[in-house]
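Quick note: the sequence shown uses the numbering used here, first residue 3, plus one each step.
I have placed the structure first, in the form of structure tokens, so that the comments after it can refer back to it.
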Amino acid sequence: MKVLQATSTKRDIKPFIDAGVFSPAEIHAAERLVKESTGDKQAEFLDYLSIAIAVWAPVNGHVCIDLDNVAIQVRDELGLARDLDSPVHQKDLSWPEADAWVQHLTDSHLVDSSPSSDTSQIDYTRPLVLSDRHLYLTRQWVDEGYVAQAMKSRLTENTRVLPTIATASIIEVLGKNADIRQKQAVEFALMHQTMVLLGGPGTGKTHTIAAILHALFSDHATIHSSKPLRVAIAAPTAKAARQVTESVKKSIDNEVNPFPTTHRKQIEDATKVSSTIHRLLGWAPISRGRFKHNKTNCLPYDVVIVDEVSMVSLPLMARLLEALDSKTKLILVGDPQQLKSIEAGSVLPDIAKLLIDGKYPIVQLTKNWRQLDPMNPDKVNPIATLASLVRNPETGKEAEILEYIKKQHDNITFVDLNKDKPDPTNKKSVIDKIRPHLNGFVDAKNYAFSGQAAQALRALASVRILCGHRRGKFGVSTWNRLVSEEVGVEQERGAIGQPLLNTRNEIRTGLANGDTGIVVKTVNGRRAFFEVRTRVIDEDGQDESSSTVLEPFEPTSLDSVETAFATTIHKAQGSEYETVVVILPPLGSPLLKRELLYTAITRAMKNLVIVASEDAVISALSSSINRKSGLAQRIRQ
């Protein structure tokens, strides 16, 4: 496949292209916007560089560029070249001196250097905004400003007095000896129009959501007994949305800790429907980022609960907040230590920074219930313990965490790659060691050949290979091939036993982005079976109810599927598997961050295998994703 190369007639910009910093997208945007705004003859190198790097920022997940540290920001983001084969020589690039660059931008008519905090007053004829030595595209500045204004208003509004019935409803769910932070979360949900619930896996977020719903239904019954409380539950992906509703239902069905029956029916009805945020807002591909529900057509709900908020980008959060009526209660839930959204922004981590202020309705759950085996309270769960260690590692303790990983645990296996020539595809040192953990794939293949689709899907859901990269020896494409060979599934499209991952929301098939299927032998030939959620739509176009059915498809009719023995760690967010094999990126990779390792670890429920060099593990533990954003500061202003 021919790859489009970035080119420019501007000689000074060429070294940045050669170093892999700018792609055709940034170069084209720079030349077009500079020409539209200044005319080619008046433009200077700094004009082109400023727009190119401002476009680069959201493409790479940042909201803005820190002009004092731009070289570090670019180096930390790109690390190795995109093909992972040759180093990017960014140290040889000549970046402008920060003071001179800021002065140029202050005087440039491309830039609004004194932007109003009121986003409605922004001058859209200027493509750039300079604020406190940080450079934004105007669109990013406006989105960040809107989210900051809306969240500040919601988080600081007048507090409602806690209703008398609240204490009884909280005790009814959580018990008299409830975790103090779970109790506080329920109280905040009753008292404020917006509350934020933070916590890692196993800290009780789902049970707290169920408790919040019980308290809200109890409270609502005393005020509007004849009018139902309208609740929407959403997440960034369809799989994550299903996961939260299924987990809440499991929480209220728990026989060990019986859930009160008072509002069980209402909570069950609320969990019958989950939605992606895009679907909730009324997403349309031709709307250029706009939705059916917006500031003039608000969402018809009293309560909106959003899970996995760490995956929500800044632009999507802006659109969600625009679509909320001021009376709609918003509850944001997630783990700020997980991987950030693929698109621009780090909304949840930025909001989590406000926790230290102690004046916002934000609660962080810290007790990890999974660290203790419920069947054997004296036995520690090593995977949950490791997740806690990686989530907030103490400086200088990286070697101790590595030793914990290497320690002989029943359900944690460390496959140490050769330090000098690490090769995860080495059959003797790696494949042989992970073979016992691939039995779920073998079982899925056998069920597929015998025509048992439901059993094949269950077996497939028990194991997954998770990679940081898509390509190369450490990437998804390589590991899909290796596992196909190992398990004995042919590699051509539609082979029996081949797991499939749907990568796009499809109206025609009803498949959602993230749905997993498997090709099964049937009397009618090969069919790809997926669990498809059927929807019943109400008169407002909203999901009224849904159910899951097993649906067969002709494999060649599916346009947006890929083999899924292995998938990226990003795509695995919101999912859990009994066994997870992690192929950690090599030393020097820009993806080798603590959040990547932590997210991969927390996908495993029973068995975890980490394939990496010791140096790569230490590097991941020592570095974190640092996206440039001014959201927390603008909320505090």
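A virtual CB, placed ideally from N, CA and C, is assigned to each residue, including glycine.
Source: prediction; values computed, not measured.
task: Would you kindly work out how many angstroms separate the C-alpha atoms of S52 and R636, rounded to a whole number?
output: 23 Å
query: Less than 9 Å separating the beta-carbons of S312 and R629?
result: no
query: Taking the alpha-carbon positions, what's the A622 to L599 distance?
result: 7 Å
- request: Let me know the alpha helix (DSSP H) ranges lying completely inside the region 265 to 350, each 4 residues or longer, listed in chain order.
  value: 266 to 273, 279 to 283, 316 to 324
field: Backbone CA spacing between R437 and I307 [nearest angstrom]
entry: 41 Å
query: Smallest Cα separation from Q123: which of G147, L107, L139, W103?
result: G147
Backbone CA spacing between T427 and S631 [nearest angstrom]: 38 Å
Backbone CA spacing between W143 and S626 [nearest angstrom]: 24 Å
- request: Count the other C-beta atoms from every protein chain shown that fall within 10 angstroms of the C-beta of A362, then say buried if there are 16 or more, exposed otherwise.
  value: The residue asked about is misnamed: residue 362 is Tyr in this sequence, not Ala. The residue is buried, with at least 16 neighbouring Cβ atoms inside 10 Å.
- request: Please work out which residues of its chain come closer than 8 Å, Cβ to Cβ, to N441, disregarding the five sequence neighbours upstream and downstream, and give them in chain order.
  value: V465
task: Would you grab the beta carbon distance between I498 and A446 for me? Rounded to a whole angstrom, and I think it's under 8 Å.
output: Not really, about 11 Å apart at Cβ, beyond 8 Å.
field: V50 burial status per 10 Å Cβ neighbour count (16 or more: buried)
entry: In the sequence as presented, Val is not what sits at residue 50; that position holds Tyr. Buried, by the Cβ-count rule.
message: Whole angstroms are fine: how far does the CA of A234 sit from the CA of L332?
response: 10 Å
query: In chain order, what residues of the same chain have a beta carbon less than 8 Å from the beta carbon of E597, not counting five sequence neighbours either side?
result: Q339, Q340, L341, K342, S626, I627
message: With DSSP as the reference, identify every bridge partner of N609, one or two as the case may be.
response: T581
message: Distance check for V582 and I603, CA to CA, integer angstroms please.
response: 8 Å
task: Report the rounded CA-to-CA distance for V246 versus A32, giving the unit in angstroms.
output: 42 Å
message: Quick test of the definition: if touching needs 3 or more C-beta pairs under 8 Å, does the region 547 to 566 touch the region 496 to 510?
response: yes
query: When DSSP labels each residue in this structure, what does Y138 get in the three-state scheme?
result: strand
query: How many angstroms separate the CA atom of P165 from the CA atom of E396?
result: 41 Å
field: Buried versus exposed, by CB contacts within 10 Å (16 or more), N259
entry: exposed
message: At the level of alpha carbons, what is the spacing between R473 and V65?
response: 27 Å
- request: Compute the distance between the beta-carbons of E189 and I172, then report whether it is under 9 Å.
  value: yes
- prompt: How would you write the range of the alpha helix (DSSP H) that D418 sits in, first residue to last?
  reply: Segment 414 to 418 is the beta strand (DSSP E) holding D418; no alpha helix (DSSP H) there.
DSSP beta-bridge partners of R529: V522
message: Beta-carbon within less than 7 Å of P238's beta-carbon, same chain only, minus the 5 sequence neighbours each way: which residues are those?
response: T278, I279, E310, M313, V314
- prompt: Can you tell me whether Q75 is buried or exposed, with buried defined as 16 or more other CB within 10 angstroms of its CB?
  reply: buried
- prompt: Helix, strand or coil: how does DSSP classify S133 here?
  reply: strand
- prompt: Cα separation between W103 and N71?
  reply: 12 Å
- prompt: Which whole-angstrom value is the C-beta distance of G453 and V551, which I expect to be below 8 Å?
  reply: Not really, about 18 Å apart at Cβ, beyond 8 Å.
- prompt: Since N515 contacts A168 with CB under 8 Å, what's their CB separation in whole angstroms?
  reply: 38 Å between Cβ atoms; not a contact.
- request: Return the first residue and the last residue of the alpha helix (DSSP H) that T166 is part of.
  value: 166 to 176
query: Taking buried to mean at least 16 other C-beta atoms within 10 Å of its own C-beta, is R321 buried or exposed?
result: buried
task: Could you check which residue in V198, A191, L176 has the C-alpha nearest to that of H209?
output: L176
task: Evaluate I182 with the Cβ neighbour count: other Cβ atoms within 10 Å of its Cβ, from every protein chain shown; 16 or more gives buried, anything less gives exposed.
output: exposed
field: Cutoff 9 Å: L318 Cβ touching any chain B Cβ
entry: In summary, chain B is missing from the structure at hand, where a single protein chain is found.
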